[in-house]
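For reference, the structure discussed in these notes is given below.
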DNA sequence: TTCTAATATTGTAATGATTACATTTTTGAT
DNA sequence: ATCAAAAATGTAATCATTACAATATTAGAA
């Protein structure tokens, strides 16, 4: 499917809207609903991951390797970072990134909910 | 301000809506806009932090100490975790939490945006 | 090839959190 | 008490996402 291809080609952490706009010219029958449906499906299958680093939009990433994300509070750009990044300044291929915050989110199941899943 | 007090008293990572509903009975003149405005202000001042672990709503936390967050994908409950939590099973005061995903988000400024801030 | 049922795709309308903005209220200094 | 600045309020708009019903596509059986 074109949407998965797009995500694997473009490591730009696009939003659903960006994917739609980039794909629409070459697939004029594409609907935004299809983009949302497909992204949800791909995420449920574990083929892609969703990124909530931005308050407004959900972003998607086809890179399943363990890595962290950095968002510039000025321009909104999102970069990949290695997991072992320190809390201080960090250099990457794009220059120096000044890190001011770090958030770590775990997801999974609490004990009672895990029981329920087993059935 | 009552909203800050609420956040310091209740370590429940509430949403703006929850804060409004809990505070409204005792402050009948309270408006939801005020809650949003105040939360934004408190966050800009660095007095509270916002949590984007939930796709739907932004949550707020008055605990500024370094800690991670866990969200149960079943019931949606959010727990605090120590930073050094491993990727595997983890026990807390509430029982065993099964961790299936971990996301690490850094925020700050890229080089060009950091220049711009200096002015 | 034709039919048909299952599946995928589409478009429109609804939802719901958040914000914009204009108005009203409160505050604090004179 | 007065008045301007600041804070709080209410309503309406915004906008990403989803619900849902309708349409189109596919693949396998006849």
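Residue numbers (our numbering), protein chains in the order written: chain A, 7 to 125; chain B, 7 to 125.
Every residue, glycine too, gets a C-beta built ideally from N, C-alpha and C.
As the structure is a computational prediction, the values presented were derived from the model and not from experiment.
DSSP places residue 107(B) in no alpha helix (DSSP H) but in the uninterrupted beta strand (DSSP E) bounded by 101–116. The three-state reading of DSSP puts residue 97(B) in strand, counting E and B together. Excluding residues up to 5 positions away in sequence, 72, 73, 74 lie with their Cβ nearer than 8 Å to the Cβ of residue 89(A) in the same chain. When the alpha-carbon of residue 86(B) is set against those of 94(B), 79(B), 100(B), 80(B), the nearest one is in 100(B). About 16 Å separates the beta carbons of residue 59(A) and residue 63(B), which is beyond the 8 Å limit, so they are not a contact pair. Secondary structure at residue 21(A): strand, using DSSP grouped into helix, strand and coil. With respect to chain B, the C-beta atom of residue 103(A) has a partner C-beta closer than 7 Å. At a cut-off of 7 Å between beta carbons, residue 106(B) contacts chain A. For residue 120(A), the three-state secondary structure derived from DSSP is helix. Scanning the segment 38–66 of chain A for uninterrupted beta strand (DSSP E) segments of 3 residues or longer gives 55–57, listed from N- to C-terminal end. Under DSSP, residue 12(A) forms no beta bridge with any residue.
Residue 48(A) and residue 67(A) have their C-alpha atoms spaced approximately 11 Å apart. Counting only residues of its own chain and dropping the five nearest sequence neighbours on each side, residue 53(A) has a CB closer than 7 Å to the CB of 10. Secondary structure of residue 72(A) (DSSP, three-state): coil. Its chain contains 59, 60, 84 as the residues whose beta carbon lies nearer than 7 Å to that of residue 77(A), once the 5 sequence neighbours on both sides are disregarded; these appear in chain order.
DSSP, reduced to helix, strand and coil, places residue 87(A) within a strand of the structure shown.
Classified as buried, residue 65(A) has 16 or more neighbouring CB atoms from the shown chains inside 10 Å of its CB.
Our two residues, residue 30(A) and residue 39(B), have alpha carbons roughly 37 Å apart in a direct line.
Restricting attention to 44(B), 34(B), 35(B), the CA atom closest to the CA of residue 21(B) is found in 44(B).
Taking the Cα of residue 124(B) as reference, the smallest distance to any Cα among 104(A), 70(A), 23(A) is reached at 104(A). Taking 7 Å as the threshold, the shortest C-beta distance from residue 38(A) to chain B does not fall below it.
When the beta-carbon positions are compared, residue 80(A) and residue 115(B) come within less than 7 Å of each other. Only buried fits residue 41(A), as 16 or more other CB atoms lie within 10 angstroms of its CB.
Assignment of beta-bridge partners to residue 79(A) by DSSP yields no partner. Within chain A, 110, 112 have C-beta atoms less than 9 Å from the C-beta of residue 87(B), given in sequence order.
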